[in-house]
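Sequential numbering of the sequence shown, starting at 41, is according to the working numbering.
Beta carbons: idealized from backbone N, C-alpha and C, even for Gly.
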Amino acid sequence: MPINWFPGHMNSTRQAIKDRVKAGLDVVIELLDARLPGSSANPLLAALTTGRPSLKVLNKQDLADPPITGDWLDHYNAQPHTRAIGLDAGDKAPARALIKACRELAPLRGDMHKPLRVLICGIPNVGKSTLINTLVGKRATKTGDEPGITKIEQKIVLENGFYLFDTPGMLWPRIAIEQSGYHLAASGAIGRNAFDEDEVALELIATLKRRYPERLQERYGLAKLDERTPDDAVLEAIGLKRGAKVRGGGVQMHKAAEALLVDFRGGSLGRITLETPEEMTAWRQAAADAEAQKALALEAARLAEKEKRSGKRQSASGDA
Ligand code: GDP
């Protein structure tokens, strides 16, 4: 899916993370969207933070499918120097779980002399401002529905010897896995002008049809629905149900797409997770294979061009 974003502050955030590593960093908290715990993970973060211990927080777990959240927690907890916990805005005291997990990851730090320095990162709209507001206990950062509201870095003292450094929500320059692009767009992480909502809605329908057909049926009163029902027919039915009709009887497909995305983001379709660890591993492998194929093809073309040129040179010297 082509994404036409201009992630303006990406470079400054990247620099802020590098500066933090230099100034001292013990643990990196990555806030993930529990509905897309693989796609919302920054593939550049480990390199940027030079492999510091990592706490993955699967946020908005109230919107995600609990058994799949469990699978993802197991998946991340099995990785070296990594802990994973689930969280949502309904948790009134998230600091306890966060501090405990960070202390386990960096047991030698965390007193007045050696404070535990923790960086918190995440994609736009993952709920970072909301979490930080709860942690701080007052409205210290602005929250909002549009991605990219948090702009400045902050230091938050969570308790004696425990510093939390906040960075602006960050995406990465290129999303190599196509499915991840769709999932990020569906979640609301990508600004709405940067992608085609109709295309994202149709992909979302394809996933929901496969994984949660009964939710589509219940919410939109679809009598019959199976894998063979065309995605655009489902979108049309959604439009009819959600008031996206035009005069004369047709459906405004774009309005239907918007309605579906609003329903998904707000949890009106129930608790949904778009991807499993196994799927993500397979997609990552397929993307890496495709990259390798592309590199091979480029190299082959380069060699062929070189041979052609040297052949021309030889025949030119033979002619002489
Ligand atoms: P940020 O861009 O990462 O700072 O995200 P915000 O904190 O501004 O949150 C983005 C949207 O997600 C807001 O509408 C929040 O109310 C909502 N939100 C944040 N945390 C949660 C959560 O745990 N569960 C649900 N359902 N919504 C959340």
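Practice prompt. For Leu88, count neighbouring Cβ atoms within 10 angstroms of its own Cβ and tell me buried if that reaches 16, exposed if not.
Written response: buried
Worksheet item: Quick one, which of Pro147, Gly91 and Pro77 has its alpha-carbon nearest Pro106's?
Response: Pro77
Discussion item. One question on the structure: do Pro134 and Thr109 come within less than 9 angstroms of each other, judged by their Cβ atoms?
Written reply: no
Fill in: Buried or exposed (CB count within 10 angstroms, at least 16 for buried), Gly288
exposed
Discussion item. Let's see if you can read the secondary structure: which residues bound the beta strand (DSSP E) around Ser80?
Written reply: That residue, Ser80, is in no beta strand (DSSP E); it is neither H nor E in DSSP.
Worksheet entry | Sequence-distant residues of the same chain with beta carbon closer than 7 angstroms to Ile278, five excluded per side | Tyr260, Ala296, Ala299 and Leu300
Worksheet entry | Cut-off 7 angstroms between Cβ atoms - residues of its own chain near Lys281, not counting five sequence neighbours on either side | Tyr260 and Gly261
Worksheet item: Do the segment 306-323 and the segment 216-234 meet, that is, are 3 or more Cβ pairs less than 8 angstroms apart?
Response: yes
Fill in: Own chain partners of Thr183 with C-beta closer than 8 angstroms, once the 5 adjacent residues on each side are dropped
Low local confidence applies: a pLDDT of 45 at Thr183 is under 50, so the model's placement there is unreliable, and no value is given.
Worksheet item: With C-beta atoms as the reference, is Arg157 less than 9 angstroms away from Glu144?
Response: no
Worksheet item: Straight-line CA distance for Asn44 to Val240?
Response: 14 angstroms
Fill in: Proximity test, Leu71 beta-carbon vs ligand 1 heavy atom, cut-off 8 angstroms
yes
Practice prompt. Consult DSSP for Val158 and reduce its assignment to one of helix, strand or coil.
Written response: strand
Worksheet item: Alpha carbon to alpha carbon, how far is Pro270 from Leu309?
Response: 19 angstroms
Practice prompt. Compare the C-beta of His223 with all C-beta atoms of chain C and state if any pair is closer than 9 angstroms.
Written response: As a matter of chain content, chain C is missing from the structure shown, which is built from one protein chain.
Discussion item. Threshold first: 4 residues or longer. Then list the alpha helix (DSSP H) segments lying entirely within the segment 269-314, N to C.
Written reply: 271-281 and 293-306
Worksheet item: What does DSSP give as the partner residues of Arg123 in its beta bridges?
Response: Leu95
Worksheet entry | Exposed unless 16 or more other CB atoms sit within 10 angstroms - verdict on Val97 | buried
Item to complete: For the beta strand (DSSP E) containing Leu204, list its first residue and its last residue.
Response: Phe202 to Asp206
Worksheet entry | Spatially closest choice to Asp66 from Tyr203, Leu103, Ala341 and Glu267, by CA coordinates | Tyr203
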